[in-house]
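Have a look at the structure below before the remarks.
Residue numbers (the working numbering): 498 to 791.
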């Protein structure tokens with residue numbers, strides 16, 4: 498079994514919990530994922546199965562889109578409503594819906610963000626959340642992030658706003674929401690988070706764990722998998738003959754290649770075999786996703 502399974506992660510599961518569950522369903526330990534989600538978050542979690550795990554670190558797209566609920570007037574230990582409430586802050590009359598929409602505009606673009614203490618980031622070999630649970634505060638290095646787009650899509654109640662955020666990888670939505678609260682002269686925390694796109698993979702193509710289990714029981718699990726070449730759709734394609742495919746699989750150079758210099762998705766008889774680099778009429782394999790003598 499080989500391919501990419503887009504999982505709609507349920508609330509209460511860690512990303513590793515999902516992997517552990519899928520190892521049992523798929524009957525293999527060769528499973529990886531990209532784009533970790535916090536336990537409270539739901540939505541798109543791309544899972545790579547079989548030889549597809551080699552593509553996890555080769556993805557060209559790393560942007561994400563989230564739907565998050567921002568609750569004004571509340572500051573918690575973790576930056577979301579799973580944490581202990583630290584302070585309840587008055588919401589100024591100036592923090593109107595129009596002011597919220599205007600404030601969001603100022604967060605569009607590239608900026609520096611300090612990772613929250615309750616995160617899986619490692620500092621001096623220790624996960625920050627472990628230090629936080631011990632009551633420690635660790636100095637953290639700001640990281641560059643980019644918010645491509647952020648907007649209010651609904652006002653759910655007097656103090657709750659549904660936001661849609663398209664951002665770069667490494668963006669902590671909890672921290673972004675806290676910063677928005679500060680901009681508005683109050684506190685803010687995240688009360689819900691759903692990822693609707695990750696690295697180009699959409700929620701429309703995601704399956705719940707129950708749907709995946711049912712597909713396994715019905716013998717149709719492989720029909721849920723996306724091809725590995727979906728990771729490389731930004732690259733041009735190139736077709737090789739069977740003998741040239743074997744050369745690439747064996748690590749040999751293919752000569753007399755009619756292709757411009759650059760990286761390619763390589764196919765043989767319509768089967769995706771891997772990614773290769775062409776230079777001066779020669780092609781060499783970068784990463785292959787089929788067995789030798791296929």
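For each residue, glycine too, the CB sits at the ideal point set by N, CA and C.
Residue i: CB within 8 Å of a non-hydrogen atom of the ligand FMN
i	result
residue 691	For the structure depicted, the ligand FMN is absent and the ligand set is empty, with no information on it obtainable.
Residue i (DSSP reduced to helix, strand or coil)
i	result
residue 747	coil
residue 526	coil
residue 511	coil
residue 762	strand
residue 506	strand
residue 659	strand
residue 588	coil
residue 702	helix
residue 690	strand
residue 604	coil
residue 551	helix
residue 644	strand
residue 735	strand
Buried versus exposed, by CB contacts within 10 Å (16 or more), residue i
i	result
residue 737	buried
residue 727	buried
residue 677	buried
residue 590	exposed
residue 555	exposed
residue 576	buried
residue 512	buried
residue 592	buried
residue 699	exposed
residue 464	A query on residue 464 cannot be resolved here, the shown segment of the chain reaching from 498 to 791 and no further.
residue 731	exposed
residue 559	exposed
residue 562	buried
residue 692	buried
Member of the options whose CA lies at the smallest distance from the CA of residue i
i	options	result
residue 503	608, 696, 760 and 772	696
residue 774	762, 768 and 767	762
residue 598	557, 776, 573 and 674	674
residue 526	532, 533 and 544	544
residue 664	679, 523, 630 and 565	565
residue 690	524, 533, 724 and 709	533
residue 684	715, 616, 578 and 711	578
residue 687	660, 680 and 631	660
residue 636	780, 649, 615 and 741	615
residue 524	719, 769 and 592	719
residue 776	529, 758 and 639	758
residue 588	679, 662 and 552	679
residue 649	694, 595 and 633	595
CB-CB length for residue i against residue j, believed under 8 Å
i	j	result
residue 744	residue 751	5 Å
residue 501	residue 722	6 Å
residue 734	residue 704	No, residue 734 and residue 704 are not in contact; Cβ-Cβ is about 27 Å, not under 8 Å.
residue 528	residue 710	Actually they do not touch by this definition, with Cβ atoms about 15 Å apart.
Margin query: Closer than 8 Å is the cut-off here; do at least three beta carbon pairs connect the region 510-518 with the region 657-671?
Written below: Put simply, the region 510-518 does not touch the region 657-671. Fewer than three CB pairs are less than 8 Å apart.
Note to self: If contact is defined by three or more beta carbon pairs under 8 Å, each pair taking one atom from either stretch, is the region 545-556 in contact with the region 773-787?
What the structure shows: yes
Notebook entry, point to check: Do the region 565-579 and the region 653-661 make contact, defined as three or more Cβ pairs closer than 8 Å?
Noted result: yes
Check: Pairing CB atoms from the region 531-539 with CB atoms from the region 500-511, are three or more of them under 8 Å?
Finding: yes
Next item on the list: Answer yes if the region 637-653 comes into contact with the region 598-617, meaning at least three C-beta pairs across the two stretches below 8 Å, and no otherwise.
Entry: yes
Check: Is it a yes or a no for the region 614-627 touching the region 582-589, going by three-plus beta-carbon pairs under 8 Å?
Finding: no
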